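**Q** Okay, here's the structure, questions in a sec.
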Amino acid sequence: MSAGWTTLNLHRRRVLAASLVLNALGLTSARAASADEPLPPPAEAAPVFVPPATPEVPPAAPVAAPVASSRASGVPARAPETDGEVPEDPHPHAAPRYDMLRVGLGLRMGYVASDGYDLFSDDDVLPQFSIDATYTVFHRARFSVAAGVAFDIGRSESRLRTFASSLSAGRLTVPIEGRFHATPWLYAFARVAPGTAFYGMTVEDSSAAGGRLTQAPWVFASDFSAGASFLLGPGRGMEKRRVRFWLTPEAGYAFTATKAVLLGADRSADEAFGADTRVDGGSLSTSGFFWRATLGLTF
Amino acid sequence: MKLRRTQKLACSAGMLLALATGCGDRADVYDASIDGVATFGLERHVAILDRGANRVVLLQAHDGQELDRVALPVGKNPLSAQSSTDGKRLFVLSAGDTVRKKGSTEAASLTVIDTANGAPVARRYELSSPHSGIALDAEGRWVALFASPLAGTTNFVENPNEIVLIDLAAPVAEAVTSRTLRSFGALPQRVSFTPTLLLPGGPRRLLVVETDQDVALLDLDHLRSTPQRPEITVRLTSGSSTTTNRPAGVVFDDGDPARNDDARIAVRLSNAPSVVTLTLVTNTPDAAAEDPAQAPNDFRPLVNLTDVGGIAEDAVFVQTPAGRRLAAIVPTAQRAVLIDADTSVTTPVDLPSAFARISVITSVVGGEGGTDTALLYGGPGGSAGPSGVAFWSLGRTEGQPYRSVEVVPLPVGVLRALDVPPPRPELKVLQTSGGNAFYVLNLATRTASPLIASGSAALHVSPDGERLWAYQPGSTRLASIELSNLHPVQLEIEQIPSAVFDVARRDGGRALVAVDTRGSVGATVLDAQAPDVAASRSFYGLLLEGLR
Numbered sequence: 280m281s282a283g284w285t286t287l288n289l290h291r292r293r294v295l296a297a298s299l300v301l302n303a304l305g306l307t308s309a310r311a312a313s314a315d316e317p318l319p320p321p322a323e324a325a326p327v328f329v330p331p332a333t334p335e336v337p338p339a340a341p342v343a344a345p346v347a348s349s350r351a352s353g354v355p356a357r358a359p360e361t362d363g364e365v366p367e368d369p370h371p372h373a374a375p376r377y378d379m380l381r382v383g384l385g386l387r388m389g390y391v392a393s394d395g396y397d398l399f400s401d402d403d404v405l406p407q408f409s410i411d412a413t414y415t416v417f418h419r420a421r422f423s424v425a426a427g428v429a430f431d432i433g434r435s436e437s438r439l440r441t442f443a444s445s446l447s448a449g450r451l452t453v454p455i456e457g458r459f460h461a462t463p464w465l466y467a468f469a470r471v472a473p474g475t476a477f478y479g480m481t482v483e484d485s486s487a488a489g490g491r492l493t494q495a496p497w498v499f500a501s502d503f504s505a506g507a508s509f510l511l512g513p514g515r516g517m518e519k520r521r522v523r524f525w526l527t528p529e530a531g532y533a534f535t536a537t538k539a540v541l542l543g544a545d546r547s548a549d550e551a552f553g554a555d556t557r558v559d560g561g562s563l564s565t566s567g568f569f570w571r572a573t574l575g576l577t578f
Numbered sequence: 060m061k062l063r064r065t066q067k068l069a070c071s072a073g074m075l076l077a078l079a080t081g082c083g084d085r086a087d088v089y090d091a092s093i094d095g096v097a098t099f100g101l102e103r104h105v106a107i108l109d110r111g112a113n114r115v116v117l118l119q120a121h122d123g124q125e126l127d128r129v130a131l132p133v134g135k136n137p138l139s140a141q142s143s144t145d146g147k148r149l150f151v152l153s154a155g156d157t158v159r160k161k162g163s164t165e166a167a168s169l170t171v172i173d174t175a176n177g178a179p180v181a182r183r184y185e186l187s188s189p190h191s192g193i194a195l196d197a198e199g200r201w202v203a204l205f206a207s208p209l210a211g212t213t214n215f216v217e218n219p220n221e222i223v224l225i226d227l228a229a230p231v232a233e234a235v236t237s238r239t240l241r242s243f244g245a246l247p248q249r250v251s252f253t254p255t256l257l258l259p260g261g262p263r264r265l266l267v268v269e270t271d272q273d274v275a276l277l278d279l280d281h282l283r284s285t286p287q288r289p290e291i292t293v294r295l296t297s298g299s300s301t302t303t304n305r306p307a308g309v310v311f312d313d314g315d316p317a318r319n320d321d322a323r324i325a326v327r328l329s330n331a332p333s334v335v336t337l338t339l340v341t342n343t344p345d346a347a348a349e350d351p352a353q354a355p356n357d358f359r360p361l362v363n364l365t366d367v368g369g370i371a372e373d374a375v376f377v378q379t380p381a382g383r384r385l386a387a388i389v390p391t392a393q394r395a396v397l398i399d400a401d402t403s404v405t406t407p408v409d410l411p412s413a414f415a416r417i418s419v420i421t422s423v424v425g426g427e428g429g430t431d432t433a434l435l436y437g438g439p440g441g442s443a444g445p446s447g448v449a450f451w452s453l454g455r456t457e458g459q460p461y462r463s464v465e466v467v468p469l470p471v472g473v474l475r476a477l478d479v480p481p482p483r484p485e486l487k488v489l490q491t492s493g494g495n496a497f498y499v500l501n502l503a504t505r506t507a508s509p510l511i512a513s514g515s516a517a518l519h520v521s522p523d524g525e526r527l528w529a530y531q532p533g534s535t536r537l538a539s540i541e542l543s544n545l546h547p548v549q550l551e552i553e554q555i556p557s558a559v560f561d562v563a564r565r566d567g568g569r570a571l572v573a574v575d576t577r578g579s580v581g582a583t584v585l586d587a588q589a590p591d592v593a594a595s596r597s598f599y600g601l602l603l604e605g606l607r
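Line order of the protein sequences matches chains A and B.
Numbered by the working numbering, the letters in the first sequence go through residues 280 to 578 in order.
Numbered by the working numbering, the letters in the second sequence go through residues 60 to 607 in order.
Structure, rendered in structure tokens:
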């Protein structure tokens, strides 16, 4: 009996301390506790509202009822049903769900300083359309980790010495994203996204057999970025699964392995009378800083 | 409220990033157009003048029909380029920035690309103003720049009588000398360099400037002497008439090697039936320069105007049994005229046809008793001449001097006679007016072997004298003809050559580089000594490479 109560009191003290901190931050203690500590099932949580028998525990203030963890089930615990002797929570907020499936569509602007990019662009900007899907694979308290798949595709067109040139640049990556949910409507994140990039390079040139020079290599790529997601709405019922909209600005550095630009005639080697030699256009890497603005949907 | 503030911050950050990433425009060369491409065959390289990018791309062949490509910058806005006769150097004349501003504006310049020692090296000579005409010294020491009458004026005001001389043997800082010729209202038309002539003051090389009404002589060996020596202007116009005699070309003769007073310059006239001969003799002891700040030259020209009965289309100094003579070819009179420059006595020689061009071939076929033998061909003004060529022996035949003219008849007129380098100097390739047929003329046997093409053919003689290349402009047809047996090898390549060059390979052997100037310029490379299209290599986008 004594040992059991001692354990219980320790637990109550932790909950109380966390509640005080979160109250000081203007957040409800229920949210904090929801994912913080493993708690007994709701039926066994009732004793915490019983006045403590030991003198070191201060008299119970009208503390919000701790909520059972949602870690295992992913469903936020509800406040326990109480009979008339337990005071009703004046702020009946439930913990928001952080275990979300997210799909994002966005615009990515990359800054490419590589010499080889000058063949295909008047400036150093590589615009891309981004789509990604992630799912929260782990969460604890206000931290969560999501992983998924992302695809960026863009095209730059220019004229290289009056000949039409274009570069299609894509990235297929596996984003792994660590999130800190500062509030239900805002989370910051850091992301690493290893994967691969591919280029489709073309120069329309009548000196070449077939009238064009092409190359389509694949290279290793990875993104390192950080950003924040702002909830656009709806902001109610965060504890429930609903479709929500997020705006996500993000900035980072894109690493792409350097590839020699060797443009060849647009034909197979068998078609050549002799042998074709590729045009040496220097080297290309789309490494560089980038930013991205994404409109996300979570479920 | 808090949400709005944060959103504003995020938007501002995004805009800043957008601005930051919007910079970084590429170099202007990526937008430069590819036009006015000119190609030149050097000894070991093919040079492509890329005017838009202000550079010369040099191609050097090596094993496997590979091409090394090197780009060398030249001055901005190239106006003209010319390769040296020995194929070792390329000269590119540039106007520089036409609008000069503070900062990094560029002056007019001459870039000399030297490939003599393997790796190409570029030297640039800055000029105070742009010029459009280049004249190269066959001996490789001098370059003259002048206002070419064939080119448009690039300057608001130009002094056409300003000749810029560049001494390639001098350090770059001291090499450029500018001289303005004394003018009687004339404009320079052509500039030539004499070989070394033994003059009264010693061996000299002269610059000869033909204007549209006179000829100027400048002593190159005293170009930078102090006090300065003036140029000598020889007026070709009679003072009693307003008609101007226009020079049409000059030839030189050093005369007797033992004498220093018989060097001569002969000037043909394009609008008068005369030839002017200048004999360079010792200047008079009391000679003085018109400008007291200058010193007189130690030679002077004796002018001799000789009527030849028609417009002389060509002239050459020849050795006859009677001594050195100037042979002037007058196609309108269907004759040649031998002129004794000492006495102005002329000897007309009737020709079987109205030939207009003459070429001395004594070094190949020899001549009777030390006299010369000449080849006659072609028509006036570069047109197709009579049907055939003629050998003119200037020795005495059966008591008749100069009368031995042997005609080799051909079915078509000859436009040009291309020299074949050693080891086959006895051959000449005759380009005809039809274009479908060309002939390999053997000077030794006096035979002309026809080669018939199915279309109009352009010709290129390999510098090693072993092959003749024929190609059809606008088509992919190409043929190699071994000059040893005149066996043609038909070749069909993928690219359409606008010019072909037989060049020495870096690893030995020779390569044929067929340049296709369509698009961004391509090339097909064949082993010139064993041409096989299946072993050829095609290159594309040559002017897209090395832009950074």
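Quick reminder that beta carbons are idealized off the backbone N, C-alpha and C, glycines included.
Please read these numbers as outputs of a predicted model, since none were measured by experiment.
1. Does the beta-carbon of B/S595 have 16 or more other beta-carbons within 10 angstroms, so that it is buried, or is it exposed?
2. What is the residue span of the beta strand (DSSP E) that A/T493 lies within?
3. Examine chain A for any beta-carbon lying closer than 8 Å to the beta-carbon of B/A538, and answer yes or no.
4. Out of B/S168, B/L149, B/K147, which one is the CA nearest neighbour of B/D156?
5. Would you list, in sequence order, the uninterrupted alpha helix (DSSP H) runs of no fewer than 4 residues that lie entirely inside the region 142–169 of chain B?
6. For the region 537–570 of chain B, which residues have a beta carbon sitting closer than 7 Å to at least one beta carbon of chain A?
7. Answer with buried or exposed for B/N176, where buried requires no fewer than 16 other C-beta atoms within 10 angstroms of its C-beta.
8. For B/S251, would you say it is in contact with chain C, using Cβ-to-Cβ distances shorter than 8 Å as the test?
9. Within the continuous alpha helix (DSSP H) that includes B/T402, where are the two ends?
10. When the Cα atoms are used, what is the spatial distance from B/Y184 to B/P411?
11. Specify whether the region 535–553 of chain A and the region 516–526 of chain A touch according to this definition: at least 3 beta carbon pairs, one from each stretch, less than 8 Å apart.
12. Excluding sequence positions up to five away, which residues of its chain have a Cβ less than 7 Å from the Cβ of B/A331?
13. Using the three-state DSSP reduction, which class does A/V522 fall into: helix, strand or coil?
14. Return yes when at least one heavy atom of the ligand GDP lies under 7 Å from the C-beta of A/L511, else no.
15. Which one or two residues does DSSP pair with B/V223 in a beta bridge?
16. Per DSSP, A/D411 forms a beta bridge with which residues?
17. Just to make sure I have the definition right: I need the residues of chain A whose C-beta is within less than 8 Å of the C-beta of B/G111. Which are they?
18. Got a sec? Which residues, its chain only, sit under 6 Å from A/G479 by beta carbon, not counting five neighbours each side?
19. At 3 residues or longer, and completely inside the region 433–511 of chain A: list those beta strand (DSSP E) runs for me, N to C.
20. Alpha carbon to alpha carbon, how far is B/T535 from B/Q554?
21. Could you tell me whether any Cβ in chain A is nearer than 8 Å to the Cβ of B/A91?
22. Helix, strand or coil for B/A89 per DSSP?
23. Taking Cβ-Cβ distances below 7 Å as the criterion, which residues of the region 577–601 of chain B are in contact with chain A?
24. May I have the straight-line CA-CA distance separating A/R571 from B/L606, to the nearest angstrom?
25. Report the three-state DSSP secondary structure of A/H418 (helix, strand or coil).
26. In chain order, what residues of the same chain lie with their CB nearer than 8 Å to the CB of B/N363, ignoring the 5 residues before and after it?
27. Out of B/H546, B/L585, B/Q490, state which residue places its alpha-carbon closest to the alpha-carbon of B/A563.
28. Tell me B/E525's beta-bridge partners as DSSP assigns them.
29. Verify whether the separation of the beta carbon atoms of B/G134 and B/T170 is less than 8 Å.
30. Identify which residue in A/H418, A/T565, A/A429 has its Cα closest to the Cα of A/A412.
31. According to the neighbour-count rule (16 or more other Cβ atoms, all chains shown, within 10 Å of its Cβ), is B/H546 buried or exposed?
32. What does the alpha-carbon distance come out to for the pair B/S452 and B/F376?
33. May I ask which residues mark the beginning and end of the alpha helix (DSSP H) holding B/T421?
34. Roughly how many whole angstroms lie between the Cα atoms of B/L571 and A/R450?
35. List, in chain order, every chain A residue whose beta-carbon is nearer than 8 Å to that of B/R607.
**A** In brief:
1. Buried: at least 16 other Cβ atoms inside 10 Å.
2. Start and end: 491–494.
3. Under the Cβ criterion of 8 Å, B/A538 is not counted among the residues facing chain A.
4. Each of B/S168, B/L149, B/K147 was checked against the Cα of B/D156, and the nearest Cα belongs to B/S168.
5. Correct list: empty.
6. From the region 537–570 of chain B, only I552, E553 have a Cβ closer than 7 Å to chain A.
7. That one is exposed.
8. Here the protein chains are A and B, and chain C is not one of them.
9. If you look at B/T402, you'll find it isn't in any alpha helix (DSSP H); DSSP assigns it neither H nor E.
10. Straight-line Cα distance between these residues: approximately 51 Å.
11. As far as the Cβ criterion goes, the region 535–553 of chain A does not touch the region 516–526 of chain A, which means the pair count is below three.
12. Leaving aside the five residues that flank B/A331 on each side, the residues in its chain whose CB is nearer than 7 Å to its CB run, in chain order, N304.
13. In the structure shown, the three-state DSSP call for A/V522 is coil.
14. As far as ligands go, the structure on display features none, and thus does not contain the ligand GDP.
15. B/L204, B/S237.
16. BP columns for A/D411 point to A/G383, A/A429.
17. Neighbours of B/G111 in chain A, taken as residues at a C-beta separation under 8 Å, are given in chain order as R440.
18. Only S447, A495 meet the Cβ criterion.
19. As far as the region 433–511 of chain A is concerned, its whole beta strand (DSSP E) runs of at least 3 residues are 442–452, 455–462, 465–483, 491–494.
20. Each residue's alpha carbon lies about 6 Å from the other.
21. Taking Cβ atoms only, chain A reaches closer than 8 Å to B/A91, which makes this a yes.
22. According to the sequence as given, residue 89 of chain B is Tyr; it is not Ala. In the structure shown, the three-state DSSP call for B/Y89 is helix.
23. Taking 7 Å as the upper bound on Cβ-Cβ separation, chain A lies near residues R577, G578, S579, V580, G581, V592, A593, A594, S595, R596, S597, F598, Y599, G600 of the region 577–601 of chain B.
24. Distance between the alpha carbons of A/R571 and B/L606: 31 Å.
25. Under the three-state reduction of DSSP output, A/H418 falls in the strand class.
26. So the qualifying residues of the chain are V335, T336, L337, T338, A400, S403.
27. Measuring from the Cα of B/A563, the nearest candidate turns out to be B/L585.
28. None, per the DSSP bridge assignment.
29. Judged by their CB atoms, B/G134 and B/T170 are nearer to each other than the 8 Å cut-off.
30. Distance from the Cα of A/A412 is smallest, within the candidate group A/H418, A/T565, A/A429, for A/A429.
31. B/H546 is classed as exposed because its beta carbon has fewer than 16 other beta carbons within 10 Å across all chains shown.
32. Rounded to whole angstroms, B/S452 to B/F376 spans 14 Å at the Cα level.
33. Per DSSP, B/T421 belongs to the alpha helix (DSSP H) from 421–424.
34. Pairing B/L571 with A/R450, the inter-Cα distance amounts to about 44 Å.
35. The contacting residues are D394, D397, G561.
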